[in-house]
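Chains as they are written, first to last, in the working numbering: chain A, 1022 to 1313; chain B, 740 to 1005.
Below: one structure, written as structure tokens.
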């Protein structure tokens, strides 16, 4: 038994086989080094011209192509007939295609996503109530990191079918602040105060100009909208500072921000229901009785 | 009694010493404690001039400021203040819209708040701190998809530089505008890429080198030239700082805006 194993090992390690093994090792090492060099050069030369997303796709295409070429060379060294393998691969491809329709759908969706350039690596997107930063746009799925540091994989097919909001597509955005003021307030005065707050905030752009809209006469007060433009990276600082400054200003100027409340009237449009507040009854005798 | 020193010149700090730099509205305090320097800054009124003062221990530094630490190997380093122009383009909003007659030119003197770079070191000075003397508001120049982020500056586009008065915390930037069109040219906003400009010290003002903007019609971008020469509006101007980014001598760019606003509701 052991002799048979030793004999078969001897047969395998013939000088011819050793040369083939060395050639395969050399092809793999040289191929790998060449691939690393090409990927490095691609990254360096295309950094200024292409987006991170495009560079990633080019690098992946080059990696797969070079890996395929290395495989062909290795099979050639092993005297494998490539025509037969390619034929078998074709038949297998059809079978796999039928079995993996969802994956193919994702791949085709991925091609459309990439060619559309609707989203790219580093963008902040909203999809189905999820917000996060795009980590990669691959052929099968888009990977997102949410702001509370969760990893989410969204299949490309879903992205194609669903409404996706790219929050950071353009360099500037508008923050819409919905406000409500009591009916007794002077709208002109409030408008002036709000526009002045936006003007004083260094993160709010003075051009495009802030937007002031009287939206409607609501149930509890006059509904207003203040829209301020800002650079997309300043979202949090603009939102927090504007909200705080508006609240402080309204408090200082005595401007009432109404909250939901109901006024009851007793038949008359102007007179509220009379309410009488009695002095609390101090039942000391009863308390004394309990104590005893 | 506080001791005053000359600005824009190198200075050293003794151990335990505190100095106050006053650059317009900006106050910077630097303390020397052993092998480290502590620094902090705050903004006040814009009319406080320009000075470096050594404070006595009895002089107070506001309590509510947050200090930062700068640790060095050699505690006997020198410091130097260098005035520079802002790090982004400045959009100048003249008080009133300007109209320039056909085939004519005008030289405006824009007054731009300086940024101060504090360098430290012995043989080789390295940047220690850079702060604007006045916090300028952000603005956007161009459309919302392809424009650029700039600083907004409301200023009087003056033809006579002396009308600005002497404002040591500001740099006078000469901007020559040429209208080579056959029609009068109106503009409300002017974008000046000050990051390509050097700073010089004159006898009365700080100066930048001149920039020439040639208007070639609403549909065409303007031609911008940064004149690499010492300003000729005061004698004996001395170079204080180089430009942040070298510019090509001739740039084609969008420099004027007639658009009032492009905000729409939803």
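Every residue gets a Cβ at the ideal spot worked out from N, C-alpha and C, and that includes glycine.
Beta-bridge partners of residue 770 of chain B, as assigned by DSSP: The residue labelled residue 770 of chain B in the question sits at position 31 within the second chain. Looking at the DSSP assignment, residue 770 of chain B forms a beta bridge with B:757 and B:777.
DSSP state of residue 1168 of chain A mapped onto helix, strand, coil: Here residue 1168 of chain A refers to the residue found at position 147 when the first chain is read from its first residue. In the structure shown, residue 1168 of chain A sits in coil (DSSP, three-state: anything other than H, G, I, E or B).
Proximal residues of chain B, C-beta to C-beta of residue 1247 of chain A below 7 Å: What you label residue 1247 of chain A is simply residue 226 of the first chain in a count that begins at 1. Result: empty, since nearest Cβ-Cβ is about 11 Å, beyond 7 Å.
Helix, strand or coil at residue 1091 of chain A [DSSP, three-state]: Here residue 1091 of chain A refers to the residue found at position 70 of the first chain. Looking at residue 1091 of chain A - three-state DSSP - the assignment turns out to be helix.
Beta-carbon separation (whole angstroms), residue 889 of chain B vs residue 849 of chain B, contact threshold 8 Å: The residue you call residue 889 of chain B lines up with position 150 of the second chain. The residue you call residue 849 of chain B lines up with position 110 of the second chain. Not confirmed; about 13 Å, so no contact.
As assigned by DSSP and simplified to three states, the class of residue 942 of chain B: Working through the second chain from its first residue, we reach residue 942 of chain B at position 203. Correct three-state label for residue 942 of chain B: coil.
Inter-residue spacing [alpha-carbon to alpha-carbon] between residue 964 of chain B and residue 955 of chain B: For the purposes of this step, residue 964 of chain B is taken as residue 225 along the second chain, with counting starting at 1. For the purposes of this step, residue 955 of chain B is taken as residue 216 along the second chain, with counting starting at 1. Roughly 14 Å between the two C-alpha positions.
Reduced DSSP secondary structure (H/G/I, E/B, other) of residue 1227 of chain A: Walking along the first chain from the start, residue 1227 of chain A turns up at place 206. Correct three-state label for residue 1227 of chain A: coil.
Secondary structure of residue 1178 of chain A, DSSP reduced to three states: On the first chain, residue 1178 of chain A is found 157 positions in, with the first residue counted as 1. It is helical.
According to DSSP, residues forming a beta bridge with residue 864 of chain B: Start at 1 with the first residue of the second chain, and residue 864 of chain B comes out as number 125. DSSP output for residue 864 of chain B lists no bridge partner at all.
Contact set between the segment 856-887 of chain B and chain A, restricted to residues whose Cβ is under 9 Å from the partner: 874, 875, 876, 877, 878, 879, 880, 883, 884, 885, 886 and 887
Residues, ordered as in the chain, of the segment 1208-1226 of chain A that lie near chain B by beta-carbon distance below 9 Å: 1220, 1221, 1222, 1223, 1224, 1225 and 1226
Buried versus exposed call for residue 854 of chain B [16 or more other C-beta atoms within 10 Å across all chains shown]: Sequence index remark: in the second chain, residue 854 of chain B carries index 115 (1-based). By the 10 Å Cβ count, residue 854 of chain B comes out buried.
Spatial distance of residue 1081 of chain A from residue 1057 of chain A (CA atoms): Position 60 of the first chain, counted from the first residue, corresponds to residue 1081 of chain A. Position 36 of the first chain, counted from the first residue, corresponds to residue 1057 of chain A. Distance between the alpha carbons of residue 1081 of chain A and residue 1057 of chain A is about 12 Å.
Every unbroken alpha helix (DSSP H) within the segment 801-833 of chain B, with a cutoff of 4 residues, ordered by chain: none
Residue 912 of chain B - DSSP class collapsed to helix/strand/coil: Walking along the second chain from the start, residue 912 of chain B turns up at place 173. Of the three classes helix, strand and coil, the one that applies to residue 912 of chain B here is strand, per DSSP.
Buried versus exposed call for residue 1024 of chain A [16 or more other C-beta atoms within 10 Å across all chains shown]: Here residue 1024 of chain A refers to the residue found at position 3 when the first chain is read from its first residue. It counts as exposed.
Test: residue 1258 of chain A CB closer than 8 Å to a CB of chain B: Counting from one through the first chain, the residue named residue 1258 of chain A turns up at place 237. No - not a single Cβ of chain B is within 8 Å of the one on residue 1258 of chain A.
Selected residue, minimal CA-CA separation from residue 823 of chain B, among B:845, B:986, B:980 and B:972: Along the second chain, one-based indexing puts residue 823 of chain B at 84. Measuring from the Cα of residue 823 of chain B, the nearest candidate turns out to be B:980.
Delimiting residues of the alpha helix (DSSP H) encompassing residue 1105 of chain A: The residue you call residue 1105 of chain A lines up with position 84 of the first chain. 1103-1120 is the extent of the alpha helix (DSSP H) around residue 1105 of chain A.
Local conformation of residue 998 of chain B per DSSP, three classes: Position 259 of the second chain, counting from 1, holds the residue named residue 998 of chain B. Residue placement at residue 998 of chain B cannot be trusted, given a pLDDT of 40 that sits under 50; the coordinates are not used to answer.
Buried versus exposed call for residue 868 of chain B [16 or more other C-beta atoms within 10 Å across all chains shown]: Counted from its first residue, the second chain places residue 868 of chain B at position 129. Classification for residue 868 of chain B: buried.
Contacts around residue 866 of chain B, its chain only, beta-carbon distance under 7 Å, and the 5 residues preceding and following it disregarded: Reading the second chain from its first residue, position 127 is the one you call residue 866 of chain B. Correct list, in chain order: 856 and 858.
Expected contact under 8 Å - CB spacing of residue 1143 of chain A and residue 1135 of chain A to nearest Å: Locating residue 1143 of chain A in the first chain gives position 122, where the first residue counts as 1. Locating residue 1135 of chain A in the first chain gives position 114, where the first residue counts as 1. Contact doesn't hold; Cβ gap of about 15 Å is too wide.
Cβ distance (whole Å) where residue 939 of chain B is taken to contact residue 914 of chain B below 8 Å: As a position in the second chain, residue 939 of chain B is number 200, starting the count at 1. As a position in the second chain, residue 914 of chain B is number 175, starting the count at 1. Actually they are not in contact, since the Cβ atoms of residue 939 of chain B and residue 914 of chain B sit about 15 Å apart, beyond 8 Å.
C-beta contact flag for residue 852 of chain B and residue 873 of chain B at 8 Å: The sequence position of residue 852 of chain B within the second chain is 113, counting from 1. The sequence position of residue 873 of chain B within the second chain is 134, counting from 1. Contact: yes.
Whole runs of the alpha helix (DSSP H) within the segment 1187-1223 of chain A, excluding any shorter than 4 residues: 1208-1221
Nearest-angstrom Cα separation, counted from residue 1231 of chain A out to residue 1248 of chain A: Counting from one through the first chain, the residue named residue 1248 of chain A turns up at place 227. Counting from one through the first chain, the residue named residue 1231 of chain A turns up at place 210. Between residue 1248 of chain A and residue 1231 of chain A, the C-alpha separation is close to 6 Å.
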